[in-house]
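K.L.:
First to last, the protein sequences are chains A and B.
Each residue of the first sequence is one higher than the one before, starting from 2 at the first, in my numbering.
Each residue of the second sequence is one higher than the one before, starting from 12 at the first, in my numbering.
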Amino acid sequence: MSTFSFRTRPKASEEKSLAISHLSKAVTVNGVLDTDGEVRIHGHVQGRVNAERIVIAAGGSVEGDVVATDAFIEGRLNGRIFALNVTLESSAEITGRVFHNTITVARGARIDARMPWRPPNYFETLDQLPETRE
Amino acid sequence: MTMFNRTDKPADTSAPDTARVQTPTLAPEPVRPQPVSQPVTSAARSSSTGVSLISRALKITGQLESTEDIRIDGEVDGDVRGVSVTVGNGAKVKGTVYGDAVELAGTVDGKIEAKKVVLTGTARMTGDVVHQDIKIESGAYIDGHLKPEFGKSDGRSKTASTPKPVEVKQPV
């Protein structure tokens with residue numbers, strides 16, 4: 002049993018229990034999602050997402066800008082990410098830009114994006130997103 | 012006597028052996044293949060289908076559509092379309108709620124169009140309710156018309172015609 006006691010890492014991320022919203026794969030949202038909790042997207046979102054933590058699950062997709070503290074991407078994103086901590090899983094497909102402070106990219110992730118690093122304070126002042134300079 | 016019977020039984024199957032067998036089966040049970048990366052992954056995968064939940068903290072500005080069930084505890088500024096839609100206590104929808112079955116315990120400012128409508132005691136409905144079957148609990152607030160016309164203007168249900176209460180509401 003003592004072997005399982007090194008479960009500290011999951012605990013650290015669980016400690017702030019956020020209100021979790023969940024959009025199943027049958028869901029389509031056309032508009033803005035705004036929450037100070039967590040949102041898990043298995044369906045399709047066209048628009049902006051503001052959240053403390055966003056999960057785009059495998060099969061899920063977002064077309065638009067994502068602003069979060071933690072972004073965890075397994076699905077598709079066409080747009081921009083503004084997140085302090087970004088995790089791109091191997092099934093992720095990203096097109097656009099990934100503004101981050103720390104980033105993890107799994108082998109196999111398909112990324113067609115610029116990934117600019119930004120200092121932490123950059124993410125605190127994101128009321129107005131920068132213009133796209135495509 | 013019963014006490015003796017109980018003690019006898021384990022003795023027959025040789026108690027220490029079973030105890031030994033059980034402990035190892037119990038121990039490996041908490042196998043957690045989780046410490047791969049983050050707990051989110053497994054949690055997110057496990058709930059890829061089923062009810063969608065708009066939590067209390069979430070506000071959606073725009074349209075929300077699903078071919079499955081939706082539960083709203085937060086706020087939606089726009090239309091909602093689902094199969095079974097539940098607007099929870101404290102939730103707010105500004106727009107039209109379409110569905111097969113709609114249960115309202117929160118606030119809707121707009122319209123409800125559903126085959127089956129339930130307005131609970133905490134419901135606050137401002138606008139019309141188009142329904143085929145409605146239940147209103149004591150305490151519900153309704154400011155609008157109730158029209159038993161669901162599916163009437165709809166071509167598909169006209170052809171599939173179930174007996175409709177033709178203009179029942181007017182004599183009322």
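Yeah, the Cβ is synthetic: ideal placement off N, Cα and C, and Gly gets one too.
Does DSSP put F124 (chain A) in a helix, a strand or coil?
P.N.:
The residue given as residue 124 (chain A) occupies position 123 in the first sequence. Three-state result, F124 (chain A): helix.
K.L.:
For A20 (chain A), which residues in chain B fall below 8 Å Cβ to Cβ?
P.N.:
Your numbering for residue 20 (chain A) matches position 19 in the first sequence. Within chain B, the residues near A20 (chain A) are S66, R67, A68 and L69.
K.L.:
Nearest-angstrom Cα distance between E195 (chain A) and L130 (chain A)?
P.N.:
With chain A covering only 2 through 135, there is no way to say anything about residue 195 (chain A).
K.L.:
Kindly examine the ligand NAP and report whether one of its heavy atoms sits closer than 7 Å to the Cβ of A84 (chain A).
P.N.:
The ligand NAP is absent from the structure shown, which contains no ligand whatsoever.
K.L.:
Looking at A72 (chain A): is its Cβ nearer than 8 Å to the Cβ of I82 (chain A)?
P.N.:
Reading the first sequence from its first residue, position 71 is the one you call residue 72 (chain A). Reading the first sequence from its first residue, position 81 is the one you call residue 82 (chain A). Contact: yes.
K.L.:
Tell me whether K146 (chain B) is buried or exposed, calling it buried when 16 or more other Cβ atoms sit within 10 Å of its Cβ.
P.N.:
Indexing the second sequence from 1 puts residue 146 (chain B) at position 135. The residue in question, K146 (chain B), is exposed, as its Cβ has fewer than 16 Cβ neighbours within 10 Å.
K.L.:
Is the beta carbon of I71 (chain B) less than 8 Å from the beta carbon of V106 (chain A)?
P.N.:
Translated into positions along the second sequence, residue 71 (chain B) becomes position 60. Translated into positions along the first sequence, residue 106 (chain A) becomes position 105. No, these two residues do not count as a Cβ contact at 8 Å.
K.L.:
Output the boundary residues of the beta strand (DSSP E) element that contains H23 (chain A).
P.N.:
Start at 1 with the first residue of the first sequence, and residue 23 (chain A) comes out as number 22. Per DSSP, H23 (chain A) belongs to the beta strand (DSSP E) from I21 to L24.
K.L.:
Which word fits T126 (chain A), buried or exposed, when buried means at least 16 other C-beta atoms lie within 10 angstroms of its C-beta?
P.N.:
For the purposes of this step, residue 126 (chain A) is identified with residue 125 of the first sequence, where counting begins at 1. The residue in question, T126 (chain A), is exposed, as its Cβ has fewer than 16 Cβ neighbours within 10 Å.
K.L.:
If you measure from the beta carbon of T131 (chain B) to each beta carbon in chain A, is any gap under 8 Å?
P.N.:
As a working note, residue 131 (chain B) is residue 120 in the second sequence. False, the Cβ-Cβ gap to chain A never drops below 8 Å.
K.L.:
What beta strand (DSSP E) runs, 3 residues minimum, are completely inside the segment 68-117 of chain A?
P.N.:
DSSP runs (the beta strand (DSSP E)) wholly in the segment 68-117 of chain A: 77-89, 94-106 and 111-115.
K.L.:
Are there 16 or more other CB atoms within 10 angstroms of the CB of H1 (chain A), so buried, or fewer, so exposed?
P.N.:
With chain A covering only 2 through 135, there is no way to say anything about residue 1 (chain A).
K.L.:
Can you give the Cα-Cα distance for V101 (chain B) and R108 (chain A), rounded to whole angstroms?
P.N.:
Residue numbering aside, residue 101 (chain B) sits at position 90 when the second sequence is read from its first letter. Residue numbering aside, residue 108 (chain A) sits at position 107 when the first sequence is read from its first letter. For the record, residue 101 (chain B) in the displayed sequence is Gly; it is not Val. C-alpha separation (whole angstroms): 44 Å.
K.L.:
Express the C-alpha separation of S62 (chain A) and V62 (chain B) in angstroms, rounding to a whole number.
P.N.:
Position 51 of the second sequence, counted from the first residue, corresponds to residue 62 (chain B). Position 61 of the first sequence, counted from the first residue, corresponds to residue 62 (chain A). Their Cα atoms are separated by approximately 18 Å.
K.L.:
Compare the C-alpha of Q143 (chain B) against each of B:G121, B:A125 and B:H156 and name the closest.
P.N.:
Against the second sequence, residue 143 (chain B) aligns to sequence position 132. If we check each option's Cα against that of Q143 (chain B), B:A125 comes out closest.
K.L.:
Do the segment 86-95 of chain B and the segment 105-113 of chain B make contact, defined as three or more Cβ pairs closer than 8 Å?
P.N.:
Yes, they touch.
K.L.:
Could you tell me which chain B residues have their CB closer than 9 Å to the CB of N31 (chain A), listed as they occur along the chain?
P.N.:
For this step, residue 31 (chain A) is matched to residue 30 along the first sequence. Neighbours of N31 (chain A) on chain B, chain order: G73, Q74, L75, E76 and G89.
K.L.:
Which value, in whole angstroms, describes the spacing of the CA atoms of F161 (chain B) and S25 (chain A)?
P.N.:
Residue numbering aside, residue 161 (chain B) sits at position 150 when the second sequence is read from its first letter. Residue numbering aside, residue 25 (chain A) sits at position 24 when the first sequence is read from its first letter. Computed Cα separation, rounded: 27 Å.
K.L.:
Which residues in chain A sit within 7 Å of V108 (chain B), going by Cβ to Cβ distance?
P.N.:
The residue labelled residue 108 (chain B) in the question sits at position 97 within the second sequence. Within 7 Å Cβ-Cβ: nothing; V108 (chain B) doesn't reach chain A, min ~15 Å.
K.L.:
Applying a beta-carbon distance threshold of less than 8 Å, which residues of chain B neighbour R36 (chain A)?
P.N.:
Here residue 36 (chain A) refers to the residue found at position 35 when the first sequence is read from its first residue. The sequence as given places Thr at residue 36 (chain A); Arg does not occur at that position. Those are S66, A68, L69, K70 and G85, listed as they occur along chain B.
K.L.:
Using three-state DSSP, classify H43 (chain A) as helix, strand or coil.
P.N.:
Sequence index remark: in the first sequence, residue 43 (chain A) carries index 42 (1-based). Looking at H43 (chain A) - three-state DSSP - the assignment turns out to be coil, as it is neither helix nor strand.
K.L.:
Just checking: is the beta-carbon of L24 (chain A) within a distance shorter than 8 Å of some beta-carbon in chain B?
P.N.:
The count along the first sequence starts at 1 and reaches residue 24 (chain A) at position 23. Answer yes: the Cβ-Cβ gap between L24 (chain A) and chain B drops below 8 Å somewhere.
K.L.:
Please classify D90 (chain B): does DSSP put it in a helix, a strand, or coil?
P.N.:
Working through the second sequence from its first residue, we reach residue 90 (chain B) at position 79. DSSP places D90 (chain B) in coil when its eight states are reduced to three.
K.L.:
Less than 8 Å separating the beta-carbons of A110 (chain A) and E90 (chain A)?
P.N.:
On the first sequence, position 109 is the one that residue 110 (chain A) refers to. On the first sequence, position 89 is the one that residue 90 (chain A) refers to. Against a cut-off of 8 Å, the Cβ pair of E90 (chain A) and A110 (chain A) comes out as a contact.
K.L.:
For V113 (chain B), write down the residues that DSSP places opposite it in a beta bridge.
P.N.:
Within the second sequence, numbered from 1, the residue matching residue 113 (chain B) stands at position 102. Paired residues: B:V96 and B:V128.
K.L.:
Quick check on the DSSP output: the beta strand (DSSP E) that includes V33 (chain A) runs from which residue to which?
P.N.:
As a first step, residue 33 (chain A) must be located in the first sequence, where it is residue number 32. From DSSP, the beta strand (DSSP E) with V33 (chain A) extends over V28 to T36.
K.L.:
Take P95 (chain A) as the anchor and find which of A:A84, A:I74, A:L85 and A:H101 has the nearest alpha-carbon.
P.N.:
Residue mapping note: residue 95 (chain A) aligns to position 94 of the first sequence, counting from 1. One point to set straight first is that residue 95 (chain A) is Ile, not Pro, in the sequence displayed. Checking every option, the nearest Cα to that of I95 (chain A) belongs to A:I74.
K.L.:
State the start and end residues of the unbroken beta strand (DSSP E) segment that holds R70 (chain B).
P.N.:
Within the second sequence, residue 70 (chain B) is the residue found at index 59, counting from 1. The question names Arg, yet the displayed sequence has Lys at residue 70 (chain B). That run of the beta strand (DSSP E) goes L69 to S77.
K.L.:
Does K146 (chain B) come out as helix, strand or coil in the three-state DSSP assignment?
P.N.:
Translated into the one-based positions of the second sequence, residue 146 (chain B) becomes position 135. In the structure shown, K146 (chain B) sits in a strand (DSSP, three-state: E or B).
K.L.:
Does G48 (chain A) get closer than 8 Å to chain B when you measure Cβ to Cβ?
P.N.:
Here the question's residue 48 (chain A) lines up with position 47 in the first sequence. It does; some Cβ of chain B falls within 8 Å.
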